[in-house]
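J.:
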Amino acid sequence: MSDNDIKTNIAQGMSQGSPHAREMGFELVSMEGGAATMMAPYKEIMVGDPDTGVIAGGVVTTLLDHCCGSAVHLAMTEFKIIATLDLRIDYMRAATPHKPIYARAECYKVTRSVAFVRAVAYDESPDDPVAAAQAAFMLDSSAGKPFLGAPKMAKGPAK
Amino acid sequence: MSDANDRLQAMLERIPYARFLGVRAELAGDEMTMILPFGQHIIGNPVLPAIHGGVLGAFMEMTALAQLSVKGGEERQPRVIDVSVEYLRSGRSLTTYARADIKKVGRRIANVHVEAWQEQRAQPIAALRAHFLVGG
């Protein structure tokens with residue numbers, strides 16, 4: 001298995017291996033280097049404003065968090081458990097009802113303990129974003145804690 | 160039941176995403192506690208297992224909105240401008256609670272802080288600060 005296959009497995013594991021992401025229908029649509037693009041289909045359960053059919057801000061939050069996490073996995077050279085430290089989101093406008101929403105995240109710096117990511121969410125074009133995010137992730141967040149089992153999604157390189 | 164409680168329950172009942180997450184709210188006077196029961200559908204990492212960080216953010220954002228609705232006087236649902244979420248501990252397979260503190264409501268902007276916890280309120284698992292566009 002090449003490095004790229006392993007990364008594909010990890011990134012796809014992020015959407016298919018995560019029960020919440022599966023419920024929401026998150027799908028990895030593309031990846032390159034430390035960048036990931038994810039899609040969320042429009043679903044009735046996501047609606048936050050029943051008058052307009054606009055999805056809840058929290059759905060955009062979740063998609064951005066998830067996409068940022070996938071970008072971190074793509075940017076790392078080995079598999080590590082990661083945890084979001086902080087996530088800041090600006091909501092520029094409402095997402096268009098009945099349309100899928102996309103998130104594109106770029107992990108632009110990885111240190112030994114922390115990864116930094118920025119992302120945008122959009123429906124039509126990244127140039128007209130619905131929201132923008134900036135996040136920091138802690139790497140190897142389970143270090144020193146009892147580990148319950150090996151992650152199923154990563155048959156990647158042993159440490 | 161008070162007007163505030165009626166407003167609160169009606170608001171949560173109307174929002175499909177709130178129903179999907181399974182959130183409930185309890186009101187004691189003007190003090191509201193939001194409750195997020197644990198379920199398979201909110202798991203982010205099945206290995207640990209841990210509640211999805213995005214769900215915790217969404218839950219706290221909803222708590223802020225609900226607290227604004229308890230305060231009342233809004234003709235339409237406030238719109239979120241920005242949020243900043245801090246993750247302190249992983250969300251375990253337990254019920255999560257959250258309370259919001261409205262720091263300021265101006266003519267157009269409201270500033271709200273929220274804290275979420277599980278077993279002990281003094282050990283929050285996440286916190287959120289948010290601005291909302293109100294009125295108008």
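These protein sequence lines map, in sequence, to chains F and P. Residues in the first sequence are numbered consecutively from 1, following my numbering. Residues in the second sequence are numbered consecutively from 160, following my numbering. Virtual Cβ for every residue (Gly too), placed ideally from N, Cα, C. Only a predicted model underlies this, so the values are computations on that prediction, with no experimental measurement involved.
(1) Leaving aside the five residues before and after Ala286(P) along the sequence, list all residues of the same chain whose C-beta is less than 8 Å from its C-beta, in chain order.
(2) At 7 Å on the CB atoms, spell out the chain F contacts of Ser249(P), in chain order.
(3) Entirely within the stretch 56–104 of chain F and at least 4 residues each: give me those alpha helix (DSSP H) ranges in chain order.
(4) Given that a residue counts as buried once 16 or more other Cβ atoms are within 10 Å of its Cβ, and exposed if not, what is Glu172(P)?
(5) Take every Cβ of the stretch 72–80 of chain F, pair it with every Cβ of the stretch 118–129 of chain F, and state whether three or more of those distances are shorter than 8 Å.
(6) For Lys155(F), name the three-state secondary structure that DSSP assigns.
(7) Could you compute how far the alpha carbon of Arg258(P) sits from the alpha carbon of Pro283(P)?
(8) Would the stretch 184–201 of chain P count as touching the stretch 220–231 of chain P if we require 3 or more Cβ pairs under 8 Å?
(9) According to the Cβ coordinates, are Leu85(F) and Ala136(F) closer than 7 Å?
(10) Any C-beta of chain F sitting closer than 7 Å to the C-beta of Gln226(P)?
(11) Pull up the distance between the alpha-carbon of Arg183(P) and that of Ala169(P), whole angstroms please.
(12) When you compare each of Met24(F), Pro129(F), Gly48(F), Ile81(F) to Arg112(F) by their alpha carbons, which one comes out closest?
(13) Can you tell me the Cβ-Cβ gap for Pro50(F) and Ile174(P), rounded? I've got them flagged as a contact below 8 Å.
(14) Between Glu245(P) and chain F, is the shortest Cβ-Cβ distance under 7 Å, so that the two count as touching?
(15) Kindly confirm or deny that the stretch 261–270 of chain P and the stretch 199–213 of chain P touch, where touching means at least three C-beta pairs closer than 8 Å.
(16) Cβ closer than 8 Å: which chain F residues qualify as neighbours of Gly181(P)?
(17) Are the C-beta atoms of Tyr91(F) and some chain P residue less than 7 Å apart?
(18) In chain order, which beta strand (DSSP E) runs of at least 3 residues are fully inside the stretch 177–204 of chain P?
T.: On the basis of the data shown:
(1) Cβ within range, chain order: Met219, Val244, Glu245, Leu247, His272, Val273, Glu274, Ala275.
(2) The answer, in chain order, is Ala83.
(3) As for any alpha helix (DSSP H) of minimum length 4 sitting wholly inside the stretch 56–104 of chain F, the runs are 57–75, ordered along the chain.
(4) Residue burial is scored here from C-beta neighbours: Glu172(P) has fewer than 16 other C-beta atoms within 10 angstroms and is therefore classed as exposed.
(5) They do not touch, by the three-pair rule.
(6) Here Lys155(F) scores only 46 on pLDDT, less than 50, and its place in the model should not be relied on; the value that follows carries that caveat. Here Lys155(F) sits in coil by DSSP.
(7) Whole-angstrom Cα-Cα distance: 11 Å.
(8) Cβ pair count under 8 Å is three or more, so yes.
(9) Closer than 7 Å, so yes.
(10) Chain F contact via Cβ: absent.
(11) Distance between Arg183(P) and Ala169(P), taken at the CA atoms: about 11 Å.
(12) Comparing Cα positions, the closest option is Ile81(F).
(13) About 7 Å separates the two Cβ atoms, so the contact holds.
(14) Residue-level contact by beta carbon holds for Glu245(P) and chain F, with a gap shorter than 7 Å.
(15) Output reads no: the stretch 199–213 of chain P does not touch the stretch 261–270 of chain P.
(16) Contact of Gly181(P) with chain F by beta-carbon distance below 8 Å is absent, the smallest such distance being about 11 Å.
(17) Yes - at least one Cβ of chain P is within 7 Å of the one on Tyr91(F).
(18) Runs found: 183–187, 190–195, 202–204.
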